[in-house]
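Remarks on the structure that follows.
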Amino acid sequence: MTDSKLSIGDSAPRARILIVDDEPVNIHVLSEALQGAYELRFATSGAQAIKLLESYLPDLILLDVVMPESDGFQTLAAIQGTPGAADVPVIFVTAMSEMADEEKGFALGAVDYIIKPISAPIVRARVRTHLQLKRQRDLLERSALLDGLTNIANRRSFDQALSRRWRFAQRQGIGITLLLLDIDHFKQYNDHYGHGAGDDCLRRVAQALDQAFTRGEDLVARYGGEEFALILAADDSARQAERVLRVVSELQIEHLHSSAAQHVSASVGAKSFQQLGELDTERALREVDELLYRAKQSGRNRCALQKQGFTEIEIIR
Ligand SMILES: [Mg+2]
1 MTDSKLSIGD SAPRARILIV DDEPVNIHVL SEALQGAYEL RFATSGAQAI KLLESYLPDL
61 ILLDVVMPES DGFQTLAAIQ GTPGAADVPV IFVTAMSEMA DEEKGFALGA VDYIIKPISA
121 PIVRARVRTH LQLKRQRDLL ERSALLDGLT NIANRRSFDQ ALSRRWRFAQ RQGIGITLLL
181 LDIDHFKQYN DHYGHGAGDD CLRRVAQALD QAFTRGEDLV ARYGGEEFAL ILAADDSARQ
241 AERVLRVVSE LQIEHLHSSA AQHVSASVGA KSFQQLGELD TERALREVDE LLYRAKQSGR
301 NRCALQKQGF TEIEIIR
């Protein structure tokens, strides 16, 4: 899941299942049982499975216990150590005689067992159950990162993404731009147009920003009441600030009780951070918040922008 584009309710693509077994005949039997309903991939050794997981993320793994070289238990441990794959549910496939190891498998984190010889209806039922559980879990995780009103990333999602982006940018030696945006005189908007209209206004601003900033590294989040936060690549921060202001004003949402404009407008604080030091996102956000304050102080419907290393603050309208 990329964190910039979150959505729920999309029609689900076919679930992906990875079957790992050293004996092709077992792979054949399992894939016969699951044919048609799922996207299936195969590996005939633990090492091959781990290699595949670097570029392919399944929803479920069926893992043979007895394999030469790396057995099922070792392979499971390796799966859990593979970034991205650590949470993929694993069902062990094992012969009755190996059942003594059942406890060990569960202790290691397998979600279930399937006993050989394979019964197709049992395989299908177990697979269906665990895929359903995983879908529900994924959905919960995603909705925990979404803002309920606007359906864009929420503050928790933003905070997580910011730490991640900061570290990434630091490693790559690139910069990032942070923006905080406040809708001007939103209290007056609510007072005069009602809370329903206020909610609608927030949704429209959120969607417009989310649709305007869609590059992989862009993130738009609802940060609080009428406050939004953006993480953007640090290229031309002045142009980005201008664009944010324009996206909001071009919605032309009437706001006759604002001293800043005739329509809904925003104040923005923006700062581009280069050569990132130790992770100090809290301080970075505080600095951007101070710039947002400057934008409001100097009349709203504008952006106060500062480039790292410069004391000068540009006001962009
Ligand atoms: Mg085997």
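Each residue of the sequence shown is one higher than the last, beginning at 1 in the numbering used here. We put the beta carbon where it would ideally sit given N, CA and C, even for glycine.
When DSSP labels each residue in this structure, what does residue i get in the three-state scheme?
i: E227; result: strand
i: Q306; result: strand
i: S267; result: strand
i: V65; result: coil
i: R246; result: helix
i: L40; result: strand
i: I122; result: helix
i: R300; result: coil
i: E217; result: coil
i: I19; result: strand
For residue i, which residues from the same chain have a beta carbon less than 6 angstroms from its beta carbon, with the 5 sequence-adjacent residues on both sides left out?
i: A229; result: F158, L180, A221 and Y223
i: E39; result: R14 and R16
i: F106; result: none
i: H255; result: Y189, H263 and V264
i: I19; result: I27, L30, F42 and L62
i: T2; result: Low confidence applies to T2: its pLDDT is 40, below 50, so where it sits in the model is not reliable, and the reading given next is rough at best. Answer for T2: no residue qualifies.
i: P121; result: none
Can you pull the DSSP bridge partners for residue i?
i: Y113; result: F92
i: R204; result: DSSP output for R204 lists no bridge partner at all.
i: L232; result: T177
Taking the alpha helix (DSSP H) that residue i belongs to, which residues open and close that run?
i: R14; result: Where R14 is concerned, there is no enclosing alpha helix (DSSP H), given that its DSSP letter is neither H nor E.
i: F152; result: Position check: residue 152 holds Ile in this sequence, whereas Phe was assumed. Taken as a continuous stretch (DSSP letters only), I152 belongs to no alpha helix (DSSP H), as it is neither H nor E.
i: L108; result: E102 to L108
i: D182; result: D182 -> not in any alpha helix (DSSP H); beta strand (DSSP E) instead, spanning I176 to I183.
i: P24; result: P24 to L34
i: G72; result: G72 to Q80
i: Q188; result: F186 to Y193
Enumerate in chain order the residues of its own chain whose CB-to-CB distance from residue i is below 8 angstroms, with the five nearest sequence positions on each side excluded.
i: E312; result: Q306
i: R317; result: L245, N301, R302 and C303
Between residue i and the rest of its own chain, which residues show a CB-CB distance below 7 angstroms, the 5 nearest in sequence each way excluded?
i: D210; result: I152 and V220
State yes or no: is the C-beta of residue i nearer than 7 angstroms to some heavy atom of ligand 2?
i: I183; result: The model depicted lacks ligand 2 and carries ligand 1 instead.
Over what stretch of residues does the beta strand (DSSP E) that includes residue i continue unbroken?
i: E314; result: E314 to I316
> Among all residues, which have a Cβ less than 6 angstroms from at least one non-hydrogen atom of ligand 1, and in what chain order do they fall?
Replying inline: D21, D22, E23, D64, V66 and M67
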